[in-house]
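Novice: One point on numbering: in the numbering used here, the residue at position 17 of the sequence shown is 21, and numbering is uninterrupted.
Ideal Cβ positions, reconstructed from N, Cα and C, are used throughout, including at glycine.
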Amino acid sequence: MADHLAEAVRRGPLAEHAPASIGLCPPATRFIFRGAPEAARPCGRAFGCDLPLDACRAEQVGERAALWLGPDEWLLLGLDAAVPADLFGLIDAALGRLPHSLVDVSHRQIGIEVAGPGAARLVNAGCPLDLDPRAFPIGMSTRTVLAKAEITLWRQTGDRFRIEVARSFAPYGLAFLKNAEDLRGM
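Encoded structure:
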């Protein structure tokens, strides 16, 4: 039975093997910001990147990015080397008395990058979304799952995805992706 399954995999759609690399993203500062659109604008100015107001979209300026998570929620990402130590205070001060929530989640999450011509296919091994570029174009981001782990998925380029996952699930997510890559090479 196992030989029959292996042969089916070799002959079937998984037989197409385009390379994909899997790795950890550089250390980043992460904030979860919640607020109304009138608070999103000053938050974006202070952060250095506009917050997208369109659903499931990401904006990026240099080493900073803002990912839409919900009508009043964004994930703010900045590479540690490009983030001033007082960025949290700068954003909070820019918001003044506007109702908002700003939480530093830098140590809660970790970034995983999947890149290469086979990146979408590899991510699809554990993610139920349609990752065809027409359905999930460059700049799209959303909450979803990778196998049994909740993630935020962001398509940065045509063949590069960033996965934000809880630090405690990162070993599971990495192992899942590596196993899926190994199976694709059968």
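May I ask you to report which of helix, strand or coil DSSP gives Ala40?
Specialist: Looking up residue 40 in the sequence shown gives position 36. Note: Ala40 maps to coil in three-state DSSP.
Novice: If Ala2 and Gly130 are in contact, beta carbons under 8 Å, what's the gap, nearest whole angstrom?
Specialist: Residue numbering for the chain in the displayed model covers 5 to 190; residue 2 lies beyond these limits and cannot be assessed.
Novice: Going by beta carbon distance, what residues of the same chain come within less than 7 Å of Val107, once the five residues before and after it are set aside?
Specialist: Taking the sequence shown and counting its residues from 1, the one referred to as residue 107 is at position 103. Excluding positions up to five away in sequence, the list reads Phe35 and Ile36.
Novice: Nearest to Leu91 by CA position, among Ser110, Ser172 and Ala62, is which residue?
Specialist: Translated into positions along the sequence shown, residue 91 becomes position 87. Answer by Cα proximity: Ser110.
Novice: In whole angstroms, give me the CA-to-CA distance for Ala86 and Gly27.
Specialist: Taking the first residue of the sequence shown as position 1, residue 86 is located at position 82. Taking the first residue of the sequence shown as position 1, residue 27 is located at position 23. Rounded to whole angstroms, Ala86 to Gly27 spans 20 Å at the Cα level.
Novice: Return the CA-CA distance between Asp186 and Gly115, expressed in angstroms with no decimal places.
Specialist: Here residue 186 corresponds to residue number 182 of the sequence shown, with the count starting at 1. Here residue 115 corresponds to residue number 111 of the sequence shown, with the count starting at 1. Taking the straight line joining both Cα atoms gives about 21 Å.
Novice: Given this structure, state the Cα-to-Cα distance separating Val13 from Leu178, to the nearest angstrom.
Specialist: Start at 1 with the first residue of the sequence shown, and residue 13 comes out as number 9. Start at 1 with the first residue of the sequence shown, and residue 178 comes out as number 174. For Val13, the pLDDT reaches just 42, beneath the cut-off of 50, and the residue's location in the model is therefore unreliable, although a value from the coordinates is still provided. About 22 Å.
Novice: Since Gly130 is in the alpha helix (DSSP H), which residue starts that stretch and which ends it?
Specialist: Residue 130 sits at position 126 when you count from the first residue of the sequence shown. Where Gly130 is concerned, there is no enclosing alpha helix (DSSP H), given that its DSSP letter is neither H nor E.
Novice: Is it right to say Val127 is buried, meaning 16 or more other beta carbons lie within 10 angstroms of its own, or is it exposed?
Specialist: Counted from its first residue, the sequence shown places residue 127 at position 123. Classification for Val127: buried.
Novice: Assuming Leu102 contacts Glu63 under a Cβ cut-off of 8 Å, what Cβ separation, rounded to an integer in Å, is found between them?
Specialist: In the sequence shown, counting from the first residue as 1, residue 102 sits at position 98. In the sequence shown, counting from the first residue as 1, residue 63 sits at position 59. With a Cβ gap of about 20 Å, Leu102 and Glu63 do not count as contacting.
Novice: With the cut-off set at 8 Å, would you say Thr156 and Ser145 are in Cβ contact?
Specialist: As a working note, residue 156 is residue 152 in the sequence shown. As a working note, residue 145 is residue 141 in the sequence shown. For Thr156 and Ser145, yes; Cβs fall inside 8 Å.
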